[in-house]
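J.: To convert a position in the sequence shown, counted from 1, into the numbering used here, add 633.
Each residue gets a CB set at the ideal place from its N, CA and C atoms; glycine is no exception.
All of these numbers come straight from a predicted model, not from anything done at the bench.
Just passing along the structure, written as structure tokens.
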Amino acid sequence: MTVAAESAASLVQSVDWLAIAPPTIAAVVGLVVLVADLFVKDGKKALLGWLSVAGLAAAALSLLPLLDDDRSTFCLTGGGTHACSYTADRFTLVIQLLVLGGALLAALLSMSTLKDSGDELPAGEFWFLLLSSAAGAALLPASRDLATLIVALEVASLPAFALVGLRRGDKRSSEAALKFFLSSVTATAVSLMGVSFLYAATGTLHLTEIATQLQEVDGQLHTLAQTGVALTLVGFAFKVAAVPFHFWVPDTYVGAPLPVAAYLSVVGKAVGFTGLILVTVVAFPSYADVWGPALAVLAALTMTAGNVAALRQQSTRAYSAVRLLAWSSVGQAGYLLVPIAAAGYADNEAAAEKAIGSTVAYALMYAAVNLGAFAVAALVGRTQRLNRVSDYRGLYARSPLAALVLGFFLLCLAGLPPGIIGLFAKVTVFSAAVDAGLGWLAVVMAVNVVIALFYYLQWTALLFRAPEGEPVKHRVPAPLTAAIALTAVLGIALSGAPQLVLRFSDTGLF
């Protein structure tokens, strides 16, 4: 057999269509929506929204057949190696459930926003971009080589830029999109340079093979490999809004349509943390003594910067409610970084997997309650266009259920009863830090939890104060009601049985 024939034989591109079904369904439905937009009349554009919701639901349901066993596809065989570019393991399925569920809830929020916006938001383009971004977000956790990882990251990010700036004639929206785009492109360029350095040093892009090759790098290439690791991590630090790469968050959230801000706060953050987990614990375990301390410092800086900035928000400032949620999400990103940093100090794979499981558990809690908080913000924003924190005064008199639900979500984020799931998630993160010997980081986190308590409780108390003027009740659209109800039911169910989250924290990455 010739050398060319042997090389061709080593490339076995077996496609497991069932394994790749979740991102594929989202992508195909996006294309269907784009084409259907040409034929659907302006008065019936809502049909595109329901088609998008159905597509995301179908993509999420396609995860069920994958629960039985791990699946891999797009594999390279030969030469004694077996490396795959796409793996549907337990970690993949949990993150895909999170991002597709988050995208589904964001889609429900978007339906009333699109209806109220009139011609400001083009429906066909909006739904196509949302589905495209969701497809990239669903692809990323299954990626097991750096090329697929970066492509998935950009497929998730590029439509998000357009979604932020899609509102016609809105200078604030355009400015937010430009800041988001320029910052993200810079981070992507840095990551790509890091990937190229890693490929030059190791000769492979598959994560597991990089982990092996980094331990055997020639002395002359050691500096190149170290630089590649550092640059790759910088790009993902931007995606998770870690300090000092967080400056785009408040302006982007304020300028974007509120459902898009909700989508970015949950799905966008999940994408960044997933990529960070894959490159650190799967590809760079031999450099744990470098990225472990670095991420611990980033976690401390990020949670402190986010919570202090949220604390300083003035309740009467325009869009202060959205800004507070934006800075709060930066603080929450700091908590999510803690277990990943702890994994760098783990003595064995079991300890590292337990630490990563804490991040996954916290992310599931955060996704449910933060989307719920944005859903209530969208409800208030229908009548209070400036969406100030002060606009929530007396919400209980106008909409008792919405006030109770928002109060519950805020208490979950604060980690106070009856938001047991928030307390449970924070305890798991504290435990990860203490088990890793990061006592100082646990202390920093405790201080930040106290800081966050102040502004969460202040906002919660405002909901039940006497309203200024006569309260006016408004009809709530069915999709918005469904989004609030779903997040509330999920938050209450998890608070009643927080141990359910632990079942998803067994990542199966190792």
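Let me check understanding here. Comparing Cα to Cα, which of L1012, A1099 and S745 lies closest to V955?
T.: By one-based count along the sequence shown, residue 955 stands at place 322. It is L1012 whose Cα lies nearest to the Cα of V955.
J.: Rounded to a whole number of angstroms, what is the C-alpha to C-alpha distance between G1070 and P883?
T.: Counting from 1 along the sequence shown, the entry for residue 1070 is found at position 437. Counting from 1 along the sequence shown, the entry for residue 883 is found at position 250. Straight-line Cα distance between these residues: approximately 33 Å.
J.: Touch check for the stretch 884–897 and the stretch 740–753: three-plus C-beta pairs under 8 Å?
T.: They touch, by the three-pair rule.
J.: Which residues bound the alpha helix (DSSP H) around V923?
T.: Walking along the sequence shown from the start, residue 923 turns up at place 290. From DSSP, the alpha helix (DSSP H) with V923 extends over A921 to L944.
J.: Which residue comes first and which comes last in the alpha helix (DSSP H) that contains P972?
T.: Counting from one through the sequence shown, the residue named residue 972 turns up at place 339. Here the alpha helix (DSSP H) through P972 covers S953 to A976.
J.: Which residues mark the beginning and the end of the alpha helix (DSSP H) in which A903 is found?
T.: Position 270 of the sequence shown, counting from 1, holds the residue named residue 903. Where A903 is concerned, the enclosing alpha helix (DSSP H) stretches over K902 to I910.
J.: Which first and last residues belong to the alpha helix (DSSP H) in which V1060 is found?
T.: Walking along the sequence shown from the start, residue 1060 turns up at place 427. Unbroken alpha helix (DSSP H) run through V1060: I1053 to D1068.
J.: How long is the line joining the alpha carbons of V645 and F707, rounded to whole angstroms?
T.: As a working note, residue 645 is residue 12 in the sequence shown. As a working note, residue 707 is residue 74 in the sequence shown. Here V645 scores only 49 on pLDDT, less than 50, and its place in the model should not be relied on; the value that follows carries that caveat. So the alpha carbons of these two residues sit roughly 7 Å apart.
J.: Apart from the five residues just before and just after F1063, which ones in its own chain have a Cβ nearer than 6 Å to its Cβ?
T.: Within the sequence shown, the letter at position 430 stands for residue 1063. A1075.
J.: Which of the three DSSP states, helix, strand or coil, is assigned to W881?
T.: Here residue 881 refers to the residue found at position 248 of the sequence shown. Three-state DSSP puts W881 in coil, outside helix and strand.
J.: Just reading off the alpha helix (DSSP H) that A775 is part of, what are its end residues?
T.: Sequence index remark: in the sequence shown, residue 775 carries index 142 (1-based). Segment: none, A775 is in no alpha helix (DSSP H) and carries neither H nor E.
J.: Have a look at Q1132 and A994 and give me their C-alpha separation to the nearest angstrom.
T.: Translated into positions along the sequence shown, residue 1132 becomes position 499. Translated into positions along the sequence shown, residue 994 becomes position 361. For Q1132 and A994, the distance between alpha carbons rounds to 10 Å.
J.: Provide the residue(s) that pair with H839 in DSSP beta bridges, ordered along the chain.
T.: In the sequence shown, counting from the first residue as 1, residue 839 sits at position 206. According to DSSP, which records beta bridges pairwise, H839 is partnered with D778.
J.: Does DSSP put F707 in a helix, in a strand, or in coil?
T.: Residue mapping note: residue 707 aligns to position 74 of the sequence shown, counting from 1. The answer is strand: DSSP assigns F707 an E or B state.
J.: Could you tell me the distance, in whole angstroms, from the CA atom of A921 to the CA atom of K987?
T.: Mapped onto the sequence shown, residue 921 falls at position 288. Mapped onto the sequence shown, residue 987 falls at position 354. Cα to Cα, the separation comes out at about 16 Å.
J.: Measuring alpha carbon to alpha carbon, tell me which residue in L1019, R1018 and L1039 is nearest L1028.
T.: For the purposes of this step, residue 1028 is identified with residue 395 of the sequence shown, where counting begins at 1. With distances taken between Cα atoms, L1028 lies closest to L1039.
J.: If contacts are defined as beta-carbon pairs under 8 Å, then V876 and L934 qualify, I think. What distance do you get, rounded to the angstrom?
T.: The sequence position of residue 876 within the sequence shown is 243, counting from 1. The sequence position of residue 934 within the sequence shown is 301, counting from 1. 4 Å between Cβ atoms; contact.
J.: Taking the straight line between their C-alpha atoms, what separation do you get for G1129 and F761?
T.: In the sequence shown, the residue the question calls residue 1129 occupies position 496. In the sequence shown, the residue the question calls residue 761 occupies position 128. The straight-line gap from Cα to Cα measures roughly 37 Å.
J.: For G1005, collect the residues of the same chain with a Cβ closer than 7 Å to its Cβ; drop the 5 residues on either side in sequence, then sort them by chain order.
T.: Within the sequence shown, numbered from 1, the residue matching residue 1005 stands at position 372. Here the set comprises V1038, F1042, I1117, T1120, A1121 and G1124.
J.: Could you check where the alpha helix (DSSP H) with I653 kicks off and where it finishes?
T.: To locate residue 653, count along the sequence shown from 1; it is residue 20. No alpha helix (DSSP H) contains I653, which DSSP labels as neither H nor E.
J.: Quick one: residues in its chain with C-beta nearer than 7 Å to the C-beta of Q729, no 5 flanking neighbours on either side, listed in chain order?
T.: Here residue 729 is taken as the residue at index 96 of the sequence shown, counted from 1. Cβ within range, chain order: P655, L696, A771 and P774.
J.: Considering only the beta carbon of each residue, do T992 and L969 sit closer than 7 Å?
T.: Within the sequence shown, the letter at position 359 stands for residue 992. Within the sequence shown, the letter at position 336 stands for residue 969. Yes, they are a contact pair.
J.: Does the distance from the C-beta atom of W924 to that of K812 stay below 7 Å?
T.: Translated into positions along the sequence shown, residue 924 becomes position 291. Translated into positions along the sequence shown, residue 812 becomes position 179. Not a contact, by the Cβ cut-off of 7 Å.
J.: I'd like the list of long-range same chain contacts for S953, defined as Cβ closer than 7 Å, with 5 residues on each side in sequence excluded.
T.: Residue 953 sits at position 320 when you count from the first residue of the sequence shown. Answer for S953: Q946, Q947, R1021 and V1022, listed in chain order.
J.: Inspect the beta-carbon positions of G798 and A789 and report whether they are closer than 7 Å.
T.: Along the sequence shown, one-based indexing puts residue 798 at 165. Along the sequence shown, one-based indexing puts residue 789 at 156. Cβ distance not < 7 Å, so G798 and A789 don't count as in contact.
J.: So which of L1090, S705, L831 and A820 has the shortest CA-CA distance to L786?
T.: Walking along the sequence shown from the start, residue 786 turns up at place 153. For the residues L1090, S705, L831 and A820, the minimum Cα distance to L786 belongs to A820.
J.: Beta-carbon separation of T725 and S705 under 7 Å?
T.: For the purposes of this step, residue 725 is taken as residue 92 along the sequence shown, with counting starting at 1. For the purposes of this step, residue 705 is taken as residue 72 along the sequence shown, with counting starting at 1. No.
J.: Between the Cα of L694 and the Cα atoms of G734, R950 and D702, which residue gives the shortest distance?
T.: Sequence index remark: in the sequence shown, residue 694 carries index 61 (1-based). Among G734, R950 and D702, the Cα nearest to that of L694 is on G734.
J.: Helix, strand or coil for T720, going by three-state DSSP, please let me know.
T.: Translated into positions along the sequence shown, residue 720 becomes position 87. T720: strand per DSSP, three-state reduction.
J.: Express the C-alpha separation of L791 and A638 in angstroms, rounding to a whole number.
T.: Within the sequence shown, residue 638 is the residue found at index 5, counting from 1. Within the sequence shown, residue 791 is the residue found at index 158, counting from 1. The predicted model places A638 with a pLDDT of 46, which falls under 50 and marks its position as unreliable; any figure quoted below should be read in that light. If you take the alpha carbons of A638 and L791, they lie about 39 Å apart.
J.: Quick one: residues in its chain with C-beta nearer than 6 Å to the C-beta of S962, no 5 flanking neighbours on either side, listed in chain order?
T.: The residue labelled residue 962 in the question sits at position 329 within the sequence shown. Closer than 6 Å at Cβ, skipping near neighbours: S898.
J.: Does T657 come out as helix, strand or coil in the three-state DSSP assignment?
T.: For the purposes of this step, residue 657 is taken as residue 24 along the sequence shown, with counting starting at 1. T657: helix per DSSP, three-state reduction.
J.: Rounded C-beta distance between A943 and G964? I'm assuming under 8 Å.
T.: As a working mapping, residue 943 is identified with position 310 in the sequence shown. As a working mapping, residue 964 is identified with position 331 in the sequence shown. About 6 Å separates the two Cβ atoms, so the contact holds.
J.: Would you call P972 buried or exposed, if buried means 16 or more other Cβ atoms sit within 10 Å of its Cβ?
T.: Counted from its first residue, the sequence shown places residue 972 at position 339. Under this definition P972 is a buried residue.
J.: Identify, in the order they occur along the chain, each residue of the same chain with its Cβ nearer than 7 Å to the Cβ of L909, setting aside the five sequence neighbours on each side.
T.: As a working mapping, residue 909 is identified with position 276 in the sequence shown. For L909, where only same-chain residues beyond five positions count, the Cβ hits under 7 Å are F869, V873 and I973.
J.: Which of the three DSSP states, helix, strand or coil, is assigned to A769?
T.: Here residue 769 refers to the residue found at position 136 of the sequence shown. Residue 769 is actually Gly in this sequence, not Ala. G769: helix per DSSP, three-state reduction.
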